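Notes follow once the structure below has been shown.
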Amino acid sequence: MIARIADEPLDLLFHVEHVSTPVAGAVATFAGLVRDHDPSVEGRVVALEYSAHPDAERVLRSIVDAIAAEDRVLGVAVSHRVGHLEVGQAAIVAAVSSAHRAAAFDACRRLVEMVKAELPVWKREILENGSHVWVGMQ
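Going by my numbering, the sequence shown wraps up at 1509, each residue one higher than the last.
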């Protein structure tokens, strides 16, 4: 299992290889990329800066453990970036393996939704005009 907060670029293939086993008939993946817009702000997004709580990796491990304990899940790997990310870079990558595709897809979606809801990571959007907006600070 991988549950990592990383300050370097993420490698989706590394995560896929980590969860692949001879009994796994399916690996579902997700890559969340930095996009150049946010419908809630005016102006073009040129970069994001992610910050994480010191306990973020522990929280991520707990999420991974919960997904890994599910019936039919064979492997789980997820990493979330911190620091400065340019448009197009991956902010999160995830891979989940199972014997069958439906279970892999379902578990991968639950994993990503749990990370989004529970991981204490915050992002600051850097806009083209030099201003910035914190997202998710409520």
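Glycine is no exception: its CB is placed at the ideal position from the N, C-alpha and C atoms. Quick caveat, the model's predicted, so the values are computed rather than measured.
May I ask you to report which of helix, strand or coil DSSP gives Glu1428? What you label residue 1428 is simply residue 57 of the sequence shown in a count that begins at 1. When DSSP states are grouped into helix, strand and coil, Glu1428 belongs to the helix group.
Among Glu1413, Val1405, Asp1426, which has the Cα closest to the Cα of Leu1419? Your numbering for residue 1419 matches position 48 in the sequence shown. Leu1419 has its Cα closest to that of Val1405, out of Glu1413, Val1405, Asp1426.
With which residues is His1503 paired in a DSSP beta bridge? Here residue 1503 corresponds to residue number 132 of the sequence shown, with the count starting at 1. For His1503, DSSP records a beta bridge to Ile1497.
Are the beta-carbon atoms of Leu1431 and Leu1482 separated by less than 8 Å? For the purposes of this step, residue 1431 is taken as the residue at position 60 of the sequence shown. For the purposes of this step, residue 1482 is taken as the residue at position 111 of the sequence shown. No, the pair does not count as a contact, with Cβ atoms beyond the cut-off.
Consider the Cβ of Ala1466: report whether some Cβ of chain C lies at a distance smaller than 8 Å. No chain C is present in this structure, which holds just one protein chain.
My assumption, with CB atoms under 8 Å, is that Ile1438 sits in contact with Val1467. Please give the rounded CB distance. If you number the sequence shown from 1, residue 1438 lands on position 67. If you number the sequence shown from 1, residue 1467 lands on position 96. With a Cβ gap of about 7 Å, Ile1438 and Val1467 count as contacting.
Under the rule that 16 or more other beta-carbon atoms within 10 Å means buried, what is Ala1423, buried or exposed? Residue numbering aside, residue 1423 sits at position 52 when the sequence shown is read from its first letter. Around the beta carbon of Ala1423, 16 or more other beta carbons sit within 10 angstroms, so the residue counts as buried.
Go ahead and pull the three-state DSSP assignment for Leu1381. As a working note, residue 1381 is residue 10 in the sequence shown. Looking at Leu1381 - three-state DSSP - the assignment turns out to be coil, as it is neither helix nor strand.
Counting along the chain, where does the beta strand (DSSP E) carrying Leu1404 start and finish? Within the sequence shown, residue 1404 is the residue found at index 33, counting from 1. First-last of the beta strand (DSSP E) with Leu1404: 1397-1404.
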